[in-house]
Amino acid sequence: MTCTTCPYCGVGCGVIATPGDESAPNRLRIEGDPDHPANQGRLCVKGAALAETVGLEGRLLRPLMRDDDGQAQTVSWDRALDRVATDMRRIIDQHGPEAVAFYVSGQLLTEDYYVVNKLVKGWLGTANIDTNSRLCMSSAVAGHKRAFGEDLVGGNYQDLEEADLVVLVGSNTAWCHPIVYQRLMQSRRERPEKRIVVVDPRRTATCEQADMHLPVKAGSDVWLFNGLLTYLEEHGVVDTGFVANHTGGAAEALAVARADGGRLEAVAKACGVPVAQLQAFYALFARTRKVVTVFSQGVNQSSSGTDKVNSIINCHLFTGRLGEPGMGPFSITGQPNAMGGREVGGLANTLAAHLELDEPAHRQLVQEFWGSPSIAREPGLKAVDLFDAVHDGRIKALWVMATNPVVSLPDADRVREALRRCELVVVSDLFADTDTAAEARVVLPALGWGEKDGTVTNSERCLSRQKAFLPSPGEAKPDWWAVSEVARRLGFEGFGFEQPHQIFDEHARLSAWRNDDDGMRRAFHIGGLAGLDAEGYDRLRPCQWPVPQAGEHTPRLFQDRRFFHGDGKARLVPTAPRAPVNAVDDEFPLVLNTGRIRDQWHTMTRTGRAPRLASHLPEPFVEMHPYEAMLCGVQDGALVRVASRWGAMVARLRCTADQPRRTVFVPIHWNDQRASDARVGALVNPVVDPLSGEPEFKHTPVMVSPFPVDWHGVVYSRSPLQFEGSEAPAYWVCIQGDGFLRYELAGRGRLEEPHQWSRSLLGFEQQPQWLEVGEDSAGDYRAAALAEGRLLACAYLSPRAELPSRSWLNRLFGKERVSEADVVGLKLGRSVDPADDVGATVCSCFSVGRNTILDAIRDNGLTSVEGVGRCVSAGTNCGSCQPEIRALIEEARLAEGA
Amino acid sequence: MKQERLVVIGNGMVGQKYLDHLVADRLHHRYQVTVLCAEPRPAYDRVHLSEFFTGRSSEDLSLVPERFFERHGLELRLSEGADSIDLENKTIRTAKGATLDYDKLVLATGSYPFVPPVPGRGRPSCLVYRTIEDLEAIMASGRDAEVGVVIGGGLLGLEAAKALRDIGLQTHVVEFAPRLMAVQVDDGGGALLRRKIEQLGVFVHTGMNTTEIIDGEFYRHRLNFTDGEHLEADLVVFSAGIRPQDTLARDAGLAVGERGGIVIDNHCRTSDPDVYAIGECALWGGRIYGLVAPGYEMARAAVSHLRHRCDETLAVPFTGADMSTKLKLMGVDVASLGDAHASTPGACCYRYEDERKQIYKKLVVSEDGRRLLGGVLVGDAREYNTLLQLMLNDMALPETPEQLILPAGQGAAPALDVTRLPDSATLCQCQNVTKGALCQAIADGHCDLAAIKQCTGAATGCGSCEPLVQTLLDTSGVAADTLAEVAT
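Protein sequences, first through last, are from chains A and B. Under the numbering used here, the first residue of the first sequence carries the number 7, and numbering increases by one thereafter. Under the numbering used here, the first residue of the second sequence carries the number 329, and numbering increases by one thereafter.
Okay, here's the thing in structure tokens:
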């Protein structure tokens with residue numbers, strides 16, 4: 007039994023992992039850690055499905071090198087590392103250190119992050135290291151620094167529970183931070199007078215139980231909060247003493263806010279919400295002292311992201327609402343270690359231990375501590391610029407760790423092209439088949455969750471351990487080891503780490519180093535954790551920094567009302583509102599918004615392998631208002647092409663009135679390994695916030711048009727299928743099932759020989775049992791292959807989109823032996839028992855389908871989520887699907903007597 | 329013998345119902361029938377008009393069976409209304425200049441939306457909500473609009489608001505009265521209805537009197553109200569009630585009411601015995617019926633009279649209609665029965681309200697507490713049919729009438745005892761099917777719901793009578809079994 011931390015979102019839940027016993031060595035048991043402060047025993051569906059993602063199928067177990075023809079071969083670590091070091095040395099000698107760059111990730115542990123940052127900034131002497139955290143919360147970092155003088159999240163999750171009003175801005179908390187959402191909802195059940203407001207253009211699952219949803223126009227947040235600041239001033243809601251003694255800049259901030267936010271009607275127009283609703287929100291905020299404003303990607307991923315952050319913080323500073331229980335601005339981060347990366351300086355514009363690159367004294371401090379030959383003198387290139395520099399040849403060597411920029415960066419096709427032009431691309435990952443690893447010269451096998459060992463810091467400054475409880479597979483190694491090995495080969499001292507606790511110790515000592523000196527004071531101080539030996543490091547329990555002395559930790563910052571600008575004061579920052587950079591026009595009339603879905607994580611390289619997680623929303627989709635769909639001439643459920651000036655993709659249309667007019671939403675997850683053409687990154691405009699460099703993922707002008715196809719198909723196979731170039735269907739998606747793969751297909755032109763096509767695709771030239779119903783009068787083709795009663799494969803093709811129930815086929819593929827009735831059903835293309843169609847999965851934990859839930863609601867007259875849980879178990883484990891169950895109850899209620 | 333000529337002006341829901349009855353009674357063989365229809369398409373379901381926005385096409389909404397006119401030899405002239413009627417010479421001049429002779433004439437011209445005389449009402453994108461063409465105009469205008477407002481918070485106004493919300497506009501409803509659906513619901517029900525409608529994202533402004541519509545500062549229009557308040561919007565839809573479309577009749581010299589409406593008798597005859605008027609253009613007993621069910625009753629009465637023209641004592645007359653109604657507005661159940669406002673002298677009320685579940689129910693009973701006079705149901709209208717039957721059939725109420733509206737398990741009364749209903753009780757209001765007709769169908773061997781629906785048409789409209797029909801089926805089923813047992 008091992009206490010560790012979940013590797014997904016920034017909530018950072020504690021997990022107890024119990025590897026199976028001798029009888030079932032592969033049966034890893036995953037539970038929430040009841041003693042972890044973040045989750046207190048709860049887990050969401052992604053965390054609960056962790057055991058399904060630790061298998062070795064598809065794992066990269068040895069280093070790979072590709073020659074000029076793209077042929078990959080397995081090599082020894084020595085050879086791979088020699089190659090990396092030699093090429094890097096040559097490039098530095100020829101072009102200088104600025105020709106080398108690293109692109110790392112919030113998936114890295116703090117120790118990996120620390121070592122790579124040390125190498126780049128202290129020894130290579132460049133700051134060309136950036137991280138995918140740039141894509142999710144760098145605007146929060148920049149905003150925090152402007153307001154507080156340091157990147158600080160003052161409060162904690164408990165504040166959300168204690169608050170009387172929680173404002174969720176640009177955050178689909180219910181899906182993206184499920185455990186925080188559940189804690190919030192639980193606290194509201196205990197105190198029904200608590201109010202929850204959601205500010206989001208979309209009506210998301212998070213809005214289901216909110217008291218108010220402000221469906222603001224994309225990018226209008228600064229108008230909203232400037233309006234609030236003005237309203238607070240006009241109504242005398244100000245903490246005069248606090249503003250006078252502990253802040254600066256209030257007058258300037260107010261003057262700018264008044265310019266646009268002075269008239270409610272003008273704000274209402276800018277935000278696209280009615281005056282009355284705006285007034286109601288402002289009044290609620292004004293009269294509630296204990297208010298927490300939670301903000302996430304909807305705020306950060308914007309060309310004015312930093313201003314948005316400050317416009318929120320301004321309102322809290324103006325009213326003195328921070329530093330006490332139940333109040334404060336609260337940035338909730340996307341990744342498990344986004345904050346750890348910030349602590350070690352993983353961003354191109356920071357140094358280490360919350361010290362600044364552009365402060366000579368800070369540079370000197372770090373260089374002295376490290377004893378390094380050099381120190382980066384100016385900020386390096388931020389993610390989008392960094393790949394630009396790769397594209398135009400300024401950067402010639404790039405090492406990517408634990409992230410998939412070919413999928414996740416804006417203008418992602420150009421990113422791929424950049425990698426293809428780059429002399430040396432090194433990728434450290436768990437898998438060789440990611441879209442990014444496919445472009446690498448050298449691919450290094452990294453350790454995954456459960457194998458690697460180190461620390462992470464979650465959104466509430468809680469530092470906890472991620473531990474190894476599985477053996478390192480093959481020759482996979484920790485990233486810090488690979489980096490240290492390259493450093494050694496480059497002839498650098500200071501990388502003699504043998505264990506992660508040694509790295510952590512150095513990191514902790516640096517945080518304390520001269521922390522009391524004038525001008526050097528910083529909140530990030532974990533000196534109390536320095537000096538831990540391997541055993542002490544293993545025993546480290548979750549704690550919230552600062553930890554200046556052993557045993558002391560800090561649940562809440564700013565209680566002493568001291569901030570970290572030179573004068574010890576906080577700053578209100580003038581924030582003049584700016585519209586998103588690229589406006590819609592006649593050609594690209596819709597705003598593309600991107601985001602996460604409930605059961606997938608980032609680019610699906612891990613969660614895509616868990617059958618349980620693939621079932622909720624199996625296909626890439628685009629959401630659109632039904633009326634907008636009508637105007638675009640596209641049909642609900644059909645395939646559509648979404649295109650911007652930068653790229654295009656194909657996905658299935660889901661019409662929903664939850665999506666505002668003139669906008670579309672596309673999830674960020676699908677990659678080229680899982681779908682024919684569904685990387686939304688290719689469409690996203692490469693526009694960034696001028697201060698934070700965070701891309702504007704939430705606002706790209708696009709158009710939507712039909713993607714006409716002539717046939718539809720679903721194919722099940724026990725092994726992966728290869729679609730040969732020209733034979734590949736126009737559309738395909740590969741969905742992981744339990745012991746099988748399901749392919750949703752659609753094609754153009756007539757399939758001349760469906761019989762031959764499916765046999766060669768499935769590789770069954772001589773099959774033991776091949777059930778086949780050739781094209782019937784409706785043009786449908788049905789075939790299934792069995793061996794000793796077990797289904798091996800099936801193929802259903804039709805000119806119409808009506809194909810057999812997937813939940814039924816999924817079940818048949820789970821059977822060791824299909825029955826006579828099943829065989830009849832396979833030939834008919836539908837179950838002989840209609841009850842077999844449980845519908846699309848709603849509850850992933852217990853695999854409960856939509857139809858099952860609706861039947862239960864109808865048959866038992868259920869009116870509550872709890873009732874549904876008692877009846878069919880749905881929603882009783884992680885609870886992530888409860889908003890959807892609530893919607894189904896409503897749907898059933900509406901259908902009754904309709 | 330020369331076939332007589334029958335002309336029907338108007339092919340709306342009621343006009344079509346008239347033709348349905350005509351054909352069912354085989355009267356179309358006796359007359360040469362011409363139908364004038366000012367709209368470009370034959371009758372469609374105006375009640376479900378807003379579904380046009382959620383993807384139902386005009387074909388889906390059509391009320392005319394395929395090839396109805398050809399099959400029965402009726403002449404339909406689309407986009408051709410009537411311009412004038414010459415009662416003396418029995419001729420009609422059509423909008424396209426043709427002259428038609430008639431022997432019998434039916435006016436089913438319906439109504440038009442009333443647009444209050446607010447200055448600025450004729451500005452572009454100030455529209456009404458009545459026909460598919462109106463909807464198309466709303467959709468076209470809504471393409472680039474952000475905010476829409478409906479003036480009028482009645483039944484149709486809320487339907488129009490649903491349409492605006494369906495096309496993704498920020499939607500407001502402005503109502504002059506202090507509550508929504510002022511005619512059908514009381515203050516308590518109106519307050520709850522408002523809350524529910526607001527939760528659905530429609531913003532409600534009651535007690536507002538629009539004085540003018542002028543250029544907006546932020547959106548296309550600005551509505552000024554008497555109290556100095558204002559509201560801006562890109563699109564304005566008037567839904568302030570209907571007015572009978574009686575100009576044609578008035579110009580021809582037929583008797584019309586003081587406030588409009590073609591005066592008719594119990595056989596739907598106008599002041600000219602060869603001219604009938606049915607539906608929303610007709611004034612019976614001094615009132616206009618703005619619901620479709622009474623219009624259908626008039627259509628039936630008019631056909632019945634034509635059929636029994638030789639002995640009109642055999643004709644089924646129109647003797648007024650109950651204005652009780654149950655509907656779903658944006659998914660919210662609302663029902664209003666009889667004397668919903670308890671204006672009958674001595675009337676007493678029972679009220680039940682659950683703010684958490686958002687349910688409001690009111691019963692209005694007679695002074696002695698024995699008879700149901702009316703009621704209001706908001707949020708949950710499942711008792712509607714029971715209450716309607718109790719009221720229409722003047723049945724005695726239980727000792728404690730509040731049982732009728734209390735939640736089940738809280739001392740609620742058992743469901744209505746259908747066996748106590750008289751055979752003449754109309755169980756299906758939409759299709760006008762009586763208990764007697766249903767019992768006959770069951771006795772004829774139609775022993776399940778589907779068969780009953782097929783045979784009688786009951787429960788095929790709004791469906792609210794389905795539970796009653798099922799109960800009737802269940803109880804008679806028991807009876808049949810018992811009979812069978814006795815027989816063996």
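For every residue, glycine included, the Cβ atom is placed at its ideal position computed from N, Cα and C.
- Residue range 515 to 527 is occupied by the alpha helix (DSSP H) that includes K524 of chain B, with no beta strand (DSSP E) assigned at that position.
- Per the coordinates, the alpha-carbon of V203 of chain A lies some 17 Å from the alpha-carbon of R523 of chain B.
- For the beta strand (DSSP E) assignment, the stretch 851 to 882 of chain A encloses no uninterrupted run of at least 3 residues.
- Annotated as proximal: A643 of chain B and H636 of chain B, with beta-carbon spacing under 8 Å.
- Among the residues facing chain A, E464 of chain B is not included, as its CB has no counterpart in that chain under 8 Å away.
- With respect to T236 of chain A, A263 of chain A sits close: the two C-beta atoms are nearer than 8 Å.
- Residues of the stretch 358 to 374 of chain A with a Cβ closer than 8 Å to any Cβ of chain B: none.
- Residues of chain B with a Cβ closer than 9 Å to the Cβ of G278 of chain A are, in chain order, E474, V475, Q498.
- Under DSSP, the beta-bridge partners assigned to D136 of chain A are A:Y109.
- Bounds of the alpha helix (DSSP H) holding A272 of chain A are 270 to 277.
- For G574 of chain A, the CB contacts under 7 Å within the same chain, skipping 5 residues up- and downstream, are R568 in chain order.
- Around R515 of chain A, the same chain offers A536 as residues with beta carbons nearer than 6 Å, after the five sequence neighbours per side are excluded.
- With its beta carbon at least 8 Å from every one in chain B, K200 of chain A lies outside the interface.
- The beta carbon of R660 of chain A sits no closer than 8 Å to any beta carbon of chain B.
- For I318 of chain A, there is no enclosing beta strand (DSSP E); the enclosing alpha helix (DSSP H) covers residues 311 to 324.
- Residues of chain A with a Cβ closer than 7 Å to the Cβ of G659 of chain B are, in chain order, L900.
- Separation of A663 of chain B and A23 of chain A (C-alpha to C-alpha, rounded to the nearest whole angstrom) is 57 Å.
- According to the DSSP assignment, S434 of chain A belongs to the beta strand (DSSP E) that extends over 430 to 435.
- Using a Cβ-Cβ cut-off of 9 Å, H631 of chain A is close to I495, G496 of chain B, given in chain order.
- Considering only B:Y688, B:S671, B:P673, the residue with the shortest C-alpha distance to Y680 of chain B is B:Y688.
- The alpha-carbon separation between A438 of chain A and E504 of chain A amounts to approximately 26 Å.
- Put simply, the CB of F531 of chain B is near chain A, with a gap under 8 Å to one of its CB atoms.
- Across the structure, D245 of chain A and F324 of chain A are spaced so that their CA atoms are roughly 6 Å apart.
- It is roughly 31 Å from the alpha-carbon of V173 of chain A to the alpha-carbon of G572 of chain A.
- For the options B:D574, B:G517, B:C756, the alpha carbon positioned closest to that of V660 of chain B is the one of B:G517.
- In its chain, beyond the 5 residues on either side, H397 have a beta carbon closer than 8 Å to the beta carbon of E423 of chain A.
- For the stretch 590 to 606 of chain A, the beta-carbon criterion of a distance under 8 Å to any beta-carbon of chain B is satisfied by none of its residues.
- D650 of chain B and V478 of chain B have their C-alpha atoms spaced approximately 28 Å apart.
- Every alpha helix (DSSP H) of 4 residues or more that sits fully in the stretch 330 to 369 of chain B is shown, in chain order, as 341 to 352.
- Three or more beta-carbon pairs separated by less than 8 Å are not found between the stretch 858 to 878 of chain A and the stretch 826 to 836 of chain A, which leaves the two stretches without contact.
- Shown here, T613 of chain A sits in a helix according to DSSP, grouped into three states.
- By the Cβ criterion, the stretch 446 to 462 of chain A is not in contact with the stretch 621 to 635 of chain A, since fewer than three pairs of Cβ atoms, one from each stretch, lie closer than 8 Å.
- Think of a sphere of 8 Å around the beta carbon of P666 of chain A: the chain B residues whose beta carbon falls inside it are G496, in chain order.
- In the assembly as shown, V838 of chain A is an exposed residue. Its beta-carbon has fewer than 16 other beta-carbons within 10 Å.
- The residue from B:P572, B:G556, B:T598 with its alpha-carbon nearest to that of R587 of chain B is B:P572.
- Shortest Cα-Cα distance from E332 of chain B to any of B:V706, B:V351, B:G607, B:L355 involves B:L355.
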